[in-house]
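Asker: Each residue of the sequence shown is one higher than the last, beginning at 26 in my numbering. In this text, a Cβ means the ideal position worked out from N, Cα and C, and glycines have one as well. Computed from a predicted model, the values in this text were never measured in an experiment.
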Amino acid sequence: MVKADVIIPVYKPSEKFLRLLDMLQVQSQPINQIIVINTEKKYFDQLTAGTDFWQKYKELRVEHITKEEYDHGGTRNLGVSLSKAPYFIMMTDDAVPADDQMAERLLAPFKEEKVGMTYARQMPVKECGIIERYTRSFNYPNISCLKSVENLKDMGIKAFFASNACAAYRRDVFDRLKGFAEGTIFNEDMIYARGLLNAGYQIAYSAEAKVVHSHNYSGIAQLKRNFDLGVSHADHPEVFAGLSTESEGIRLVKKTCAHLWNIKRPWLIFKLVWQSGCKYLGYFLGKRYKKLPVKLVKKISMNQGYWK
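#1: With C-beta atoms as the reference, is Val-150 less than 8 Å away from Ser-239?
#2: From the DSSP secondary-structure annotation, give me the bridge partner or partners of Ala-229.
#3: Exposed or buried, which one is Val-170 when buried takes at least 16 other CB atoms within 10 Å?
#4: Is it a yes or a no for the stretch 28-44 touching the stretch 61-81, going by three-plus beta-carbon pairs under 8 Å?
#5: How long is the line joining the alpha carbons of Gly-255 and Asp-197, rounded to whole angstroms?
#6: Express the C-alpha separation of Ala-187 and Asp-77 in angstroms, rounding to a whole number.
#7: Tell me the rounded alpha-carbon separation between Arg-250 and Asp-125.
#8: Using CA coordinates, which residue listed in Asp-214, Gly-311 and Tyr-230 is at the minimum distance from His-258?
#9: In terms of residue numbering, what span does the beta strand (DSSP E) encompassing Glu-88 cover?
#10: What did DSSP end up calling Pro-38 once you bin it into helix, strand or coil?
#11: Please report the residue range of the alpha helix (DSSP H) in which Val-61 lies.
#12: Distance check for Glu-273 and Ile-279, CA to CA, integer angstroms please.
#13: Skipping 5 residues on each side, what residues in its chain have a beta carbon closer than 7 Å to that of Leu-72?
#14: Report the CB separation of Glu-207 from Asn-102 in whole angstroms; it is logged as a contact under 8 Å.
#15: What is the DSSP secondary structure of Val-319, reduced to helix, strand or coil?
#16: To the nearest angstrom, how far is it from the Cα of Val-134 to the Cα of Asp-30?
#17: Cutting at 8 Å between CB atoms, please list the residues of its own chain near Lys-315, excluding the five before and the five after it.
#18: Mark Thr-160 as exposed unless 16 or more other C-beta atoms lie within 10 angstroms of its C-beta, in which case mark it buried.
#19: I want to know whether the stretch 47-59 touches the stretch 89-100 - three or more CB-CB distances under 8 Å.
#20: Mapping DSSP to helix, strand and coil, what is Met-148?
#21: Considering Cα atoms alone, identify which of Gly-154, Ala-123 and Arg-276 is closest to Gln-50.
#22: From the DSSP secondary-structure annotation, give me the bridge partner or partners of Cys-191.
#23: Using the Cβ count rule (16 or more neighbours within 10 Å means buried), how would you classify Met-327?
#24: Three-state secondary structure (DSSP) at Asp-179?
#25: Is it right to say Arg-146 is buried, meaning 16 or more other beta carbons lie within 10 angstroms of its own, or is it exposed?
#26: With distances taken between CB atoms, is the gap from Leu-177 to Leu-248 smaller than 8 Å?
#27: What whole-angstrom Cβ distance do Leu-117 and Ser-231 have, given they're in contact under 8 Å?
#28: Should Glu-40 be labelled buried (16 or more other beta-carbon atoms within 10 Å of its own) or exposed?
#29: Starting from Lys-235, follow its DSSP beta bridges and name the residues at the other end.
#30: How about Tyr-112 and Leu-85: are their beta carbons less than 8 Å apart?
#31: On the DSSP bridge assignment, give the partners of Pro-122 in chain order.
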């Protein structure tokens, strides 16, 4: 088995974070070290105070930073700098392994030397809404695949779609490509993934490696999230220019409509139209954020700290 560390940026950790740690401890592929980069020490202390946390998770290494120091790419790069393992798994604090074989299956594609990154299938939480549940299956199907730069022609932006809510990286390649882009509002995982393809490496989607991770965002939250998505696309034309994202969104809406009709939940189509409209408006404004008043930009954005 390969040697791999797990790196987790944490902010206001909850019980879900503890379940994540518990599941990492029982993986069939032993985790070498768990490195946590926590934003604001007081929140971590609130979770661990009066418990046997440090006795239970002895393999944990925790580094604290302030909210002002947090950066989507930079914070993750800090975690990687603390690892000496040849492979590392990047996770978010709300993504919980679905079983004890997640790590083993996620790392398995690295048997192929050209694979520089793998990412896991994200399963909906039990309380997940019907629309979001279908969106998860659309973005994370039950069939694995291998993607290379040649797939840009037929897959477009999906060729380098790869979420680091749970993704593994080959360390020597990561260093060669100089890690995640820093100073980004969002999308550091896909920016890196595009660079990986451009450098001649492959991305493996492992449908067998599963984590439970989903959100029930409101329409307004979808607007804010997609505004930041649009900002990242505007700021990185070298990554996203020339690739249609709207067509993929339209395809998702059409397939979700058909799904809602087939399962006899047609009234949810109104909610889908509302949420999809919020997504599109947010993305449309984000792509053009440089033309908007600064106050409006700050109000719409989900990542307030970026604008400071």
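Answerer: The answer reads as follows:
#1: yes
#2: In DSSP, Ala-229 forms a bridge with Thr-143 and Leu-171.
#3: Reading the sequence as shown, one finds Cys at residue 170 and not Val. It is exposed - the Cβ of Cys-170 has fewer than 16 other Cβ atoms within 10 Å.
#4: yes
#5: Taking the straight line joining both Cα atoms gives about 31 Å.
#6: Their Cα atoms are separated by approximately 36 Å.
#7: 32 Å
#8: Looking only at Asp-214, Gly-311 and Tyr-230, the smallest Cα-Cα distance to His-258 is reached by Gly-311.
#9: Here the beta strand (DSSP E) through Glu-88 covers 85-90.
#10: Three-state result, Pro-38: coil.
#11: It is not in any alpha helix (DSSP H) - Val-61 instead sits in the beta strand (DSSP E) that spans 59-64.
#12: According to the sequence displayed, residue 279 carries Lys and not Ile. If you take the alpha carbons of Lys-279 and Glu-273, they lie about 10 Å apart.
#13: Pro-38
#14: About 7 Å separates the two Cβ atoms, so the contact holds.
#15: helix
#16: One point to set straight first is that residue 134 is Pro, not Val, in the sequence displayed. Distance between the alpha carbons of Pro-134 and Asp-30 is about 16 Å.
#17: Ala-259
#18: buried
#19: Result no; under three Cβ-Cβ pairs closer than 8 Å.
#20: Shown here, Met-148 sits in a strand according to DSSP, grouped into three states.
#21: Selected option, being the one with the closest Cα: Ala-123.
#22: Met-116
#23: Per the 10 Å Cβ criterion, buried.
#24: In this structure, Asp-179 counts as helix in the three-state DSSP scheme.
#25: buried
#26: no
#27: The sequence given here places Thr at residue 117; Leu does not occur at that position. Rounded, the Cβ-Cβ distance is 17 Å, inconsistent with contact.
#28: By the Cβ-count criterion, Glu-40 is exposed, with fewer than 16 other Cβ atoms from all chains shown falling within 10 Å of its own Cβ.
#29: Arg-146
#30: Not a contact, by the Cβ cut-off of 8 Å.
#31: Val-236
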